[in-house]
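Following: one structure in structure tokens, then a few remarks.
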Amino acid sequence: MITTPSEIQTLLECCICCDYLTDVRETPCCHQLFCFACIQSWLTQSASSCPRCCSRILTEQTLLTNIVIQRFIDNTQFNCPYRLQGCSIKVSRSDLTQHKQSCPYSPDNLVTERERKLSELRLKLREYSDAKIRTKEKDTAFYDLAKAFHDQQTYEEARQCLKMIKGTQNTFDVMILSARIEQDDGHYDKALQIYTDVYLKAKSNAQRIELLLASAQIHLKKAQFTEAKEKFIRALNLLPHNDRSQKKAEIFNGIGLLAKKCSDVRSCDFLFHILMLSILV
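Heads up, the sequence shown is in the numbering used here, so the first residue is 136 and it goes up one at a time.
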């Protein structure tokens, strides 16, 4: 069996602080590795019991210094702790503390960056509101600003930008963005109404399918299983014959999730038959 880098990395983490080991200590009872500061604090607060095997013979004096593991850790390149947030940098253990403080993906730095972006967006909003430019150009600017505010989850200012749009050239896109803002802000009924209204303006089956799927997802969140089923089936019926696209897989995933959530056995059986018939066609 081959050990993967991620498995090795897990072995080098302290199970108390869940961070990479520092000043490594090994327990004589079960040979578990801990940071010295972590196990020292644990023993002070837990009547000298091992956090791994609960042995009562463990004391600070019986802890073993594992120099080999410590050297290995000091010379190993580790993933940044904020990898899930987007950081792809690998750093040595000795540089890890400094990197965590300066990493642009750390929680504190992400908050600072978000505040900076919002300040820039609000400045642009004031500039565009006062600018003497053609309606089409101003509408495009407000639409782009609305998307940016939406991405930053600042929904009220996103709505404000959409209200500033005067033209009718991109009504479909504007209504779609408006529905997504309401949906992400938890105003599901309002989002459903907008999706229903904009469905009448759709010019292609691809657009209609997107609208039906968006509505179906809201119905699922509201536990409106009958309405969700109706939307999924309508979307499925709009696909071309013998379609093998990713969109069909997305619809099937939605139907499967609906069947899992649904408490009505007959309804679940019906959805299963729909799925099987669609695969066989």
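We put the beta carbon where it would ideally sit given N, CA and C, even for glycine.
- By the Cβ criterion, the region 223–231 is not in contact with the region 257–268, since fewer than three pairs of Cβ atoms, one from each stretch, lie closer than 8 Å.
- Taking each of Asp-286, Leu-199, Asn-305 and Leu-335 in turn and checking the Cα distance to Arg-315, the smallest one comes out for Asp-286.
- Under the DSSP assignment, Gln-212 falls in the beta strand (DSSP E) whose first and last residues are 212–214.
- About 16 Å separates the beta carbon of Cys-188 from that of Cys-173, a gap too long to meet the 8 Å contact definition.
- The Cβ-Cβ distance between Phe-171 and Asp-158 falls below 8 Å.
- By DSSP's assignment, Glu-161 forms a beta bridge with Leu-168 and Leu-199.
- Leu-348 is not a Cβ neighbour of Glu-317, given a cutoff of 8 Å.
- Assigned with DSSP and collapsed to three states, Lys-301 falls in coil, not helix or strand.
- Following the DSSP letters along the chain, one finds Ser-223 in no alpha helix (DSSP H), marked with neither H nor E.
- A residue is called buried when at least 16 other Cβ atoms come within 10 angstroms of its Cβ; Asp-209 does not meet this threshold and is exposed.
- In the DSSP assignment, Glu-148 forms a beta bridge with Tyr-155.
- In chain order, Lys-225, Val-226 and Ser-227 place their CB closer than 8 Å to the CB of Gln-212, counting only its own chain and leaving out the 5 sequence neighbours on each side.
- Taking C-beta atoms as the reference points, Leu-312 and Thr-289 fail to come closer than 8 Å.
- In the DSSP assignment, Gln-288 falls outside any alpha helix (DSSP H), carrying neither H nor E.
- Scanning the region 368–400 from its first residue to its last, the whole alpha helix (DSSP H) runs of 4-plus residues come out as 381–396.
- Using a Cβ-Cβ distance cut-off of 8 Å, the region 318–338 and the region 295–304 are not in contact, since fewer than three pairs of beta carbons, one from each stretch, lie closer than that value.
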